[in-house]
Structures are given as C-alpha cells and as structure tokens.
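Everything in the sequence shown is counted per our numbering, starting at 6 for the first residue and increasing by one.
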Amino acid sequence: MARALRKPQPAKPRFRGLIVPVAVVVLLVVGFAAAQLYFGRDDAGLESAARIGGPFTLVDQEGRAVSDKDLRGKWMLVYFGFTFCPDVCPTSLARNDDALELLGDKAEKVVPILISVDPERDTPEKMKDYVKFFSPRLIGLTGTPQQVAEVARAYRVYYAKAEQKEDGSYLIDHSALTYLMGPDGRFVQFFRGQAGPQEVADRLKQLL
Ligand code: NI
C-alpha cells in the first residue's frame, strides 16, 4: 500500500545516533590538524635551519677568490648588506664588531663577514674602503650578480632593489640577520638586528 510506504520513518533518532560518531571524527580531524601545526612547524623550523648556508665562491676586498672552504675551522659571523646602506648595515656591522671586542682573545676564532647584496656597485675596491671603517678583521665579499644570488639563496636571504631615485641612485631592501656558522660551516643560529653587542658576545662565549 502506497500509504504505508510513505509513512514517515523516525528520522530524529537516526540523526541522534550519528551525533557521537560525527563528533568523534570532527575531534580527531581538529586534533590531528592542531598537532600538525604544533609539531609540524617545529620540525619545519629545524629542517630549514639545517638548510641555511652552503658553499660559495666570492671575491674579498683584496680581489682574492674566497670560498666557504677557505674559512673552515673558523666561526663565521655572516651578514648580508651593501656599502651604500644608510643605517641598518652600519649598525649591524658595528654591533658585530663590538661583540668581538668584548670577546677579547677568543675573537680570533671568529671571522666577521659582510657579503654584498649590491654586486653592481660594491666592487672589491669599494668593499675595501668600507670594511676598514669598521675593523681590520672584517672580510668584505662580493662577486658577480649570479654568485651573490647563489649565496643569498643558500642563506635564505631576501634582497631586492628598491625604487630608483631621480639621480639614478637606489637602495636595496634586504633581510638584516647575522648568521653564526660553526667551524664546520654549518648554521648555528642567527642574531637579529636588535640584539646588542653584549648579548651576541655572551652567546659566543658559551659556544667558543
Ligand atoms: Ni642595509
């Protein structure tokens, strides 16, 4: 009988029966996603840290070819910047040098390095004039645009020409971290621009 077939089924209890399994599934999915975010991010951070740095071949302020291998056995404080930078670069480079001053004799184990992100203007001669303003131990490295792009990529450094001014001069936007690399060439940690010389020196003392 048609009538009997159309008799409404007890829908509500059926839905009610679904509430618990659906809730369990939702909780599992949300919990899994949260765990991914929490633990996954940590893993990703460690993984990308392990990938900071790498081989490079550049030219120092005396015009000599320098590769990362030439610096093995020394700690490296690597900063990327450019000699025309009005404030951030000088501040960071001065901070790095002040930190090494605070280290005393131990500073001999550390090589402070400036790698130019402005290879078009930063010739070895320009770098020579610039680095001696900070410290006799500062090594200024530059290279072809391609060499610079490669080392910047290895260190995950961002840099880009800012808008050119009418007189043709320009600034370069760039990340301003200082990377501490171990004697084996591996990344140890970075220092932000805000870190003071004492903070950097204290950390280096622990490690050297
Ligand atoms: Ni700068």
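For every residue, glycine included, the Cβ atom is placed at its ideal position computed from N, Cα and C. Here the structure is a predicted model, which is why all the values come from computation and not from measurement.
Reference residue i, options the options, closest by Cα
i: Q152; options: V122, Y163 and E204; result: V122
i: L232; options: F139, P150, K170 and V205; result: Any property of residue 232 remains undetermined from this structure, which presents the chain solely from 6 to 213.
i: P141; options: T149, A112 and Q194; result: A112
i: P60; options: R158, K79 and R100; result: R158
i: P124; options: A165, G198, R208 and R161; result: A165
i: D178; options: D172, P188, V162 and G187; result: V162
i: K210; options: L105, S174 and S180; result: L105
i: K137; options: Q169, D172 and T88; result: T88
i: Q194; options: V83, R77, K79 and S174; result: V83
i: P95; options: G173, Y175, D207 and F139; result: F139
i: C90; options: R208, D207 and S174; result: S174
i: S180; options: D172, K170 and Y160; result: Y160
Cβ pair residue i, residue j closer than 8 Å
i: L108; j: G86; result: no
i: L98; j: L146; result: no
i: L185; j: K114; result: no
i: V192; j: I57; result: In the sequence as presented, Val is not what sits at residue 192; that position holds Phe. Yes, these two residues count as a Cβ contact at 8 Å.
i: V93; j: G198; result: yes
i: K79; j: P188; result: yes
Supposed contact pair residue j and residue i - C-beta distance, whole angstroms, cut 8 Å
i: P117; j: D102; result: 6 Å
i: P202; j: R69; result: Not really, about 29 Å apart at Cβ, beyond 8 Å.
i: G190; j: D73; result: 6 Å
### Message
Under 8 Å: do the region 64-79 and the region 119-138 share three or more Cβ pairs, one atom per stretch?
### Response
Taking 8 Å as the limit for Cβ pairs, the verdict is that the region 119-138 does touch the region 64-79.
### Query
In chain order, which continuous runs of the beta strand (DSSP E) of length 3 or greater are located wholly inside the region 103-185?
Those beta strand (DSSP E) runs which fall completely within the region 103-185 and span 3+ residues are 115-121, 144-146, 164-166 and 177-179.
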